[in-house]
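Encoded as structure tokens, the structure appears first; notes follow it.
2 protein chains.
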Amino acid sequence: MRDPEATLRQHALPVTAQRLAVLRAVSRHPHATADDLTASVCGELGTISRQSVYNVLNVLTEKGIIRRIQPADSPARYEDRIGDNHHHLVCRSCGRTEDVCCAVGEAPCLKAHSHHGFKIDEAEVIYWGTCPACQKKKRS
Amino acid sequence: MRDPEATLRQHALPVTAQRLAVLRAVSRHPHATADDLTASVCGELGTISRQSVYNVLNVLTEKGIIRRIQPADSPARYEDRIGDNHHHLVCRSCGRTEDVCCAVGEAPCLKAHSHHGFKIDEAEVIYWGTCPACQKKKRS
DNA sequence: CTAACTTTTTGACAAAGTCCAAAACTAGGT
DNA sequence: ACCTAGTTTTGGACTTTGTCAAAAAGTTAG
Numbered sequence: 086m087r088d089p090e091a092t093l094r095q096h097a098l099p100v101t102a103q104r105l106a107v108l109r110a111v112s113r114h115p116h117a118t119a120d121d122l123t124a125s126v127c128g129e130l131g132t133i134s135r136q137s138v139y140n141v142l143n144v145l146t147e148k149g150i151i152r153r154i155q156p157a158d159s160p161a162r163y164e165d166r167i168g169d170n171h172h173h174l175v176c177r178s179c180g181r182t183e184d185v186c187c188a189v190g191e192a193p194c195l196k197a198h199s200h201h202g203f204k205i206d207e208a209e210v211i212y213w214g215t216c217p218a219c220q221k222k223k224r225s
Numbered sequence: 086m087r088d089p090e091a092t093l094r095q096h097a098l099p100v101t102a103q104r105l106a107v108l109r110a111v112s113r114h115p116h117a118t119a120d121d122l123t124a125s126v127c128g129e130l131g132t133i134s135r136q137s138v139y140n141v142l143n144v145l146t147e148k149g150i151i152r153r154i155q156p157a158d159s160p161a162r163y164e165d166r167i168g169d170n171h172h173h174l175v176c177r178s179c180g181r182t183e184d185v186c187c188a189v190g191e192a193p194c195l196k197a198h199s200h201h202g203f204k205i206d207e208a209e210v211i212y213w214g215t216c217p218a219c220q221k222k223k224r225s
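Protein chains in written order, with the numbering used here: chain A, 86 to 225; chain B, 86 to 225.
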């Protein structure tokens, strides 16, 4: 995220302290939840309402400025890095989330021929596993 | 699902009317939600508690008798068809869910080399799109 | 600087599940 | 068939994540 303020203006969004702070927080904490981001923003602004966090996240997501990912058994997470078709690797036990470049070149999985008459617009891949820390914890 | 009762016994689970009914309901309605299943079971047994539906679905899922899928913006859905690594195609507007055989042969996407030290055990793929009915609705 | 329009805030509400304790049921041994 | 021990089922309260709505505050164009 180069310049949060410019980004907002480019999308015809009024610039507010809350939006700038949320945008910076998403940038600083990839894959953070709304709750994580609220905490981070509070550190910067002192306070922000829960609703505002959701408002901002929703509008930024609609405009395509950030991306929302919603793995099973986890609240929604947000990220900055968009437009490069990467996927995610999620720890089943602690929820730690990492980016994974599309494994087999360019969007190989996307090539689902139109099934059942659906118009497919995205292939989402989530790799499930156990992160190093949780592997260690389980062994002990 | 050949014989629900035998299936339960094979997994050392006491056979109860609720379990049989839920198991049959999952079989009859692939990709149904807990709510859908509750309605279906009520048609068969007259009544069942919400908690029991969750209890049964959880135990069956743990035993690997059924599979739970949790697409974004949808309550959990359950299915009968397990062990064949198939994926799902979900309609963004109505939630309709269809099975999709793994597009490129055998688990091609699963070949994410161990990233970040994670021990990967599953690759989940969800294709997002618009089902025929919703395409028609949108055009009108 | 003002006016029009958005955002932010606050508080109530909703959906999907889980937690807990009491009542009912299942399965195994007599 | 009947007990008994151990599970399940039930009902109700509670939690989490998020949305709705109306009033107050802020932003931007003129």
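Glycine included, every Cβ here is placed at the ideal spot set by N, Cα and C.
Helix, strand or coil at V111/A [DSSP, three-state]
In the first sequence, counting from the first residue as 1, residue 111/A sits at position 26. V111/A: helix per DSSP, three-state reduction.
Beta strand (DSSP E) containing A208/A: first to last residue?
The residue you call residue 208/A lines up with position 123 of the first sequence. Note, A208/A: beta strand (DSSP E), K204 to T215.
Got a sec? Which residues, its chain only, sit under 8 Å from I167/B by beta carbon, not counting five neighbours each side?
As a working note, residue 167/B is residue 82 in the second sequence. Only G149, I150, I151 and R152 meet the Cβ criterion.
Could you confirm whether any beta carbon from chain B is found closer than 8 Å to the beta carbon of Y212/A?
Numbered from 1 along the first sequence, position 127 holds the residue referred to as residue 212/A. Closer than 8 Å: yes.
Using a Cβ cut-off of 8 Å (strictly closer), state whether I205/A contacts chain B.
If you number the first sequence from 1, residue 205/A lands on position 120. Judged by the 8 Å Cβ criterion, I205/A is in contact with chain B.
Is there at least one Cβ from chain A nearer than 8 Å to Q220/B's Cβ?
For the purposes of this step, residue 220/B is taken as the residue at position 135 of the second sequence. So, interface residue.
Bridge partners for E164/B per DSSP, in chain order?
Locating residue 164/B in the second sequence gives position 79, counting from the first residue. Beta-bridge pairing links E164/B to R152/B.
Compare the C-beta of H114/B with all C-beta atoms of chain A and state if any pair is closer than 8 Å.
Taking the second sequence and counting its residues from 1, the one referred to as residue 114/B is at position 29. It does not: the Cβ of H114/B has no partner Cβ on chain A nearer than 8 Å.
Check each candidate in A106/A, R104/A, V210/A and P89/A and name the one with the smallest Cα separation from V185/A.
Reading the first sequence from its first residue, position 100 is the one you call residue 185/A. It is V210/A.
Going by beta-carbon coordinates alone, are V126/A and A110/A separated by less than 8 Å?
Residue mapping note: residue 126/A aligns to position 41 of the first sequence, counting from 1. Residue mapping note: residue 110/A aligns to position 25 of the first sequence, counting from 1. Yes. Within cutoff.
Please classify E90/B as buried or exposed, where buried requires at least 16 neighbouring CB atoms within 10 angstroms.
In the second sequence, counting from the first residue as 1, residue 90/B sits at position 5. By the 10 Å Cβ count, E90/B comes out exposed.
Give the interface partners of T215/B over in chain A, defined as CB-CB distance under 7 Å, in chain order.
In the second sequence, the residue the question calls residue 215/B occupies position 130. The contacting residues are F203 and K204.
If we ignore side chains and look at the alpha-carbon of each, how far apart do T182/A and S159/B end up?
Sequence index remark: in the first sequence, residue 182/A carries index 97 (1-based). Sequence index remark: in the second sequence, residue 159/B carries index 74 (1-based). Their backbone Cα atoms lie some 21 Å apart in a straight line.
Anything in chain A within Cβ reach of Q136/B, meaning under 9 Å, just list it in chain order.
In the second sequence, counting from the first residue as 1, residue 136/B sits at position 51. Those do not exist, as Q136/B stays about 19 Å from chain A at its closest Cβ, beyond 9 Å.
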